[in-house]
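The block underneath contains the structure these notes are about, expressed in structure tokens.
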Amino acid sequence: MNTRMENFCTNPAKARFSGALFQGICTAFIAFLLFVFIVGLPADLNIHNELQITPQFGYLFNYVLIAGAGRFTWCYSGGGIRGAVLAFFPGIILFIAYRAWLYYISAAVAGNYVFSIQFGQLAITAIMLAALLAAAWLFLYSSRIRSAIAGNIAAITPAMQRYAPGMIIALLLIYPVFIVTFVVDNMAQSQKWIDNYAIQILIYVMLAWGLNIVVGLAGLLDLGYVAFYAVGAYTVALLGNHFGFSFWLCLPIAGIFAALWGVMIGFPVLRLRGDYLAIVTLAFGEIVRTILQNWTPVTGGANGLFVKKATFFGIPFERGPNGFAAFFGMKFQAAHYKIFLYYIIVTLLILMAWIITRLRRLPIGRVWEALREDEIACRSLGINTVTAKLSAFATGAMFGGFAGAFFAARQGRADYTSFVFMESVIVLAIVVLGGMGSLSGIAIAAIVMIGGMELLREIPSSLQMIFGPDFRPEQYRMLWFGLAMVCVMILKPRGFVSSRTPSAFLNRKKAVPGHFTVEGNG
Amino acid sequence: MTAYKQKPVSKDMILKVEHLRMQFGGLVAIDDLNFDVERGKITAIIGPNGAGKTTVFNCITGFYRPTGGMLTLKRANGEMHRLERLANFQITKKAKVARTFQNIRLFNGLTVLENLLVAQHNRLMRASGMSIFGLLGLPGYKHAAKNAIENAGAWLEKIKLVDRADDPAGSLPYGDQRRLEIARAMCTDPELLCLDEPAAGLNPRESLALNELLLSIRSETDTSILLIEHDMSVVMEISDHIIVLEYGSKISDGTPDNIRNDPRVIAAYLGVEDEEMDEVEELLDEAKGDAAPAGETTDKLDGTTVSIEKRSRP
């Protein structure tokens, strides 16, 4: 006994090992308790409505082992993010090994096991996963790699800042041409690239830039932003249907209406701060959604409303002699309209970026940021914080209204299902992930989040080998998405672009590091 | 704008506080306080902790609405403002009263220069035509913006922070933050500058620099200063007039020399022993009644001073 204790105390490696082992066993036990009825003995209703228990002890054993091994690795490697990354390895190996074994058994029973091809696929997937994790680990823990990357970024930053806007605009302008010429065989196929990816991402960029004024600059947490998006869309629909206004006339009106709504919601909630403001704006968003859903005579209820398409200087996009295609002597293509819409939103976004950049350098923009930093100090400087907050609300809402009007024209209809709370959350997530207040960071976040979610639909179905034949990768996209967000928030807690660019400078323009700024509390 | 034609305030007064009362529920923080602040002078409010100094400030600058009393501010152009009726941002905007805070309230995430530009918001906002001219980039706004930066630069030179103009305000050392907050308040072009413990947390050298800054504000600008301070090296050195508060009432009022020798002040700061209590109370009664002839009071005051001094060096 005595010698064991001595050994225990004098040999730290051994102590660490036994400590980690103990932790692993405890975790495995807890995992067993958690999973025993859910995974090990799940109850199901069969076709006769009788309760049936299907024992799955193999899965249970596998999960318990994964939990225990993961905990052991995490403890043994010293914990932290590094430990968490390392802990994935045994988990993945155990998971894949078990699935491969199951697959082998079932295939062997069925007699259709083709060793070389399927084993090869499995091995490739496993290697790719391992390589991905190894890369993550290297990036996190090799200071040399990190500093090299940081150095490279620092080296190209001045050039990037100078030429980036022009280059991005050029890229945006040639994107459809590039897709149509090089990527797809015929125009009809360009739909996926231009509509599903580009236009959708750009709509979210627009929404997030608008919300950024309220949340990122003025520091007012608004969870009901989607209401302004809805106001924009329904303005276009209602004015178009009842008064025959064209899209181009409706667009500015939608912005103005949304701004009015911004003032209307802003005024009563101005005295609220932080969480309270968030809850009231959330409720406002839900009120608008409920009205749209239930006021059937006006909003069309669940059917929504028809919205006229936008026209090219009065020339409609339709089949026939008066259409756009006929006017320019081309064959009619549905994709023409999508490409036209793409150029509309690119133009709107360029205009918006210009306005927001300008506003930030004007006294009004500076006061928004000052409000976020310290409202009481603002008042002590003779600043009317009520009008400053209202102007932030109104400007943000206006851009939301433009986005809504565009969205309605793109969909060809406006219905409430597009304006649910989840949309507000996604837009807010883009703002937070991008780095509050930064236009470029938010654009990157929108590309990563919306583009990523679309891309995840296309996960190769070869993964079905590992995850079983009923695995449908697109169902897991929200899970991956959540995981990615957690990782980004751990690595970059203040978003992709955390520093802020000052609005004026005396000697030299220097970015303000993120940890000096505050998020604001309403 | 509310410009009042009230009973005349004597010509060299900038602020007249009359019968000010501030009550929080059952607690009377300030009771029937009267004092004047002279134009172009540095006036200090001192008093033990909890005497109600910051409450007076919050009443003057509109962060509290007084329970009773009248605060009359007379601007150099003759406009009169009743401060207790103005919203707090209007007090800075219209009545030209600026303030700093006991715990520094800078915009930490904005640069030093931006802090000074935010203070010039109202002027710039007018120049930018409520942002519309500014958005269009009209020359009128550009000119105003350039002037604002120049004005900020001049203040930065005065507080010796030109080199750090483009650093975030939160990265400055404590003493620099104090001076920056004063410069920021000065950028609103105030006629009355209220400083809440500007020397708190400063080392002796920084205190000295602060004295210089305040004296230069007095001599070079038209701004009168009202300050709360515990640091007697600052108060006695630079103030022209001192007001002493205790338990929400004024116990003394005069030049630094008068205050230094006032037994009531000494009693308030150092406390008195039981056997001297009667004597002091008598004095206080007389002072309240304003009945005692000046000569007698002085005699008695001297007596008390001596006795306290005796006790203070055992």
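Residue numbers (our numbering), protein chains in the order written: chain A, 1 to 522; chain B, 523 to 836. Even for Gly, the Cβ is constructed at its ideal location relative to N, Cα and C.
Between the C-alpha atoms of residue i and residue j, what's the straight-line distance to the nearest angstrom?
i: residue 442 of chain A; j: residue 763 of chain B; result: 55 Å
i: residue 703 of chain B; j: residue 80 of chain A; result: 41 Å
i: residue 539 of chain B; j: residue 567 of chain B; result: 13 Å
i: residue 603 of chain B; j: residue 596 of chain B; result: 6 Å
i: residue 502 of chain A; j: residue 225 of chain A; result: 27 Å
i: residue 211 of chain A; j: residue 397 of chain A; result: 8 Å
i: residue 492 of chain A; j: residue 484 of chain A; result: 12 Å
i: residue 155 of chain A; j: residue 620 of chain B; result: 45 Å
i: residue 254 of chain A; j: residue 509 of chain A; result: 37 Å
i: residue 94 of chain A; j: residue 77 of chain A; result: 18 Å
i: residue 18 of chain A; j: residue 124 of chain A; result: 35 Å
i: residue 661 of chain B; j: residue 395 of chain A; result: 24 Å
i: residue 418 of chain A; j: residue 290 of chain A; result: 12 Å
i: residue 675 of chain B; j: residue 642 of chain B; result: 13 Å
i: residue 246 of chain A; j: residue 340 of chain A; result: 16 Å
i: residue 171 of chain A; j: residue 89 of chain A; result: 40 Å
i: residue 189 of chain A; j: residue 202 of chain A; result: 20 Å
With DSSP collapsed to three states, give me the class of residue i.
i: residue 43 of chain A; result: strand
i: residue 610 of chain B; result: helix
i: residue 56 of chain A; result: coil
i: residue 520 of chain B; result: Within the shown structure, residues of chain B are numbered from 523 to 836, placing residue 520 of chain B beyond reach of any answer.
i: residue 596 of chain B; result: strand
i: residue 762 of chain B; result: coil
i: residue 332 of chain A; result: coil
i: residue 550 of chain B; result: strand
i: residue 235 of chain A; result: helix
i: residue 620 of chain B; result: strand
i: residue 603 of chain B; result: strand
i: residue 338 of chain A; result: helix
i: residue 95 of chain A; result: helix
i: residue 690 of chain B; result: strand
i: residue 418 of chain A; result: helix
Give a yes or no on whether 8 Å exceeds the smallest Cβ distance from residue i to chain A.
i: residue 750 of chain B; result: no
i: residue 640 of chain B; result: yes
i: residue 692 of chain B; result: yes
i: residue 813 of chain B; result: Here residue 813 of chain B scores only 43 on pLDDT, less than 50, and its place in the model should not be relied on; the value that follows carries that caveat. Not closer than 8 Å to any Cβ of chain A, the Cβ of residue 813 of chain B fails to qualify, so no.
i: residue 526 of chain B; result: Because residue 526 of chain B sits at a pLDDT of 49, beneath the cut-off of 50, its placement in the model cannot be relied upon, and the following sentence gives the value as read from the coordinates. Chain A contact via Cβ: absent.
i: residue 611 of chain B; result: yes
i: residue 653 of chain B; result: yes
i: residue 650 of chain B; result: yes
i: residue 636 of chain B; result: yes
i: residue 675 of chain B; result: yes
Check the Cβ of residue i against every Cβ in chain A and list those closer than 8 Å, keeping chain order.
i: residue 687 of chain B; result: 505, 506, 507
i: residue 644 of chain B; result: 382, 383
Is there at least one Cβ from chain B nearer than 8 Å to residue i's Cβ?
i: residue 380 of chain A; result: yes
i: residue 374 of chain A; result: yes
i: residue 347 of chain A; result: no
i: residue 517 of chain A; result: yes
i: residue 370 of chain A; result: yes
i: residue 510 of chain A; result: yes
i: residue 30 of chain A; result: no
i: residue 366 of chain A; result: yes
Whose Cβ in chain B lies nearer than 7 Å to the Cβ of residue i?
i: residue 275 of chain A; result: Ordered by position in chain B, no residue passes the 7 Å Cβ test against residue 275 of chain A, which lies about 21 Å from the chain.
Quick one: list the residues of chain B neighbouring residue i, beta-carbon separation under 8 Å, in chain order.
i: residue 12 of chain A; result: Within 8 Å Cβ-Cβ: nothing; residue 12 of chain A doesn't reach chain B, min ~41 Å.
i: residue 377 of chain A; result: 623, 627, 628, 629
i: residue 500 of chain A; result: 631
i: residue 359 of chain A; result: 653, 657
Taking C-beta pairs closer than 9 Å, name the residues in chain A that residue i reaches, listed in chain order.
i: residue 680 of chain B; result: Correct list: empty, because the minimum Cβ distance to chain A is about 14 Å.
Which chain A residues sit within Cβ distance under 7 Å of residue i?
i: residue 552 of chain B; result: What residue 552 of chain B touches in chain A: nothing, since even the nearest Cβ is about 20 Å away.
i: residue 615 of chain B; result: 382
i: residue 745 of chain B; result: Under the 7 Å cutoff, chain A gives no residues; its nearest Cβ is about 15 Å from residue 745 of chain B.
Answer yes if the segment 428 to 439 of chain A comes into contact with the segment 398 to 414 of chain A, meaning at least three C-beta pairs across the two stretches below 8 Å, and no otherwise.
-> no
Does the segment 563 to 576 of chain B come close enough to the segment 761 to 776 of chain B to have 3 or more Cβ pairs within less than 8 Å?
-> yes
Spell out a yes or no on whether the segment 62 to 70 of chain A and the segment 19 to 29 of chain A are touching, meaning 3 or more CB-CB pairs, one atom from each, closer than 8 Å.
-> yes
Taking one C-beta from the segment 322 to 334 of chain A and one from the segment 580 to 591 of chain B each time, how about it: are there three or more such pairs within less than 8 Å?
-> no
Is it true that the segment 685 to 697 of chain B meets the segment 629 to 647 of chain B, where meeting means three or more beta-carbon pairs spaced less than 8 Å apart?
-> yes
Are there three or more Cβ pairs, one per stretch, closer than 8 Å when the segment 648 to 655 of chain B is compared with the segment 607 to 625 of chain B?
-> no
Kindly confirm or deny that the segment 225 to 245 of chain A and the segment 282 to 298 of chain A touch, where touching means at least three C-beta pairs closer than 8 Å.
-> yes
Determine contact between the segment 543 to 557 of chain B and the segment 569 to 580 of chain B, defined as no fewer than three beta-carbon pairs at a distance below 8 Å.
-> yes
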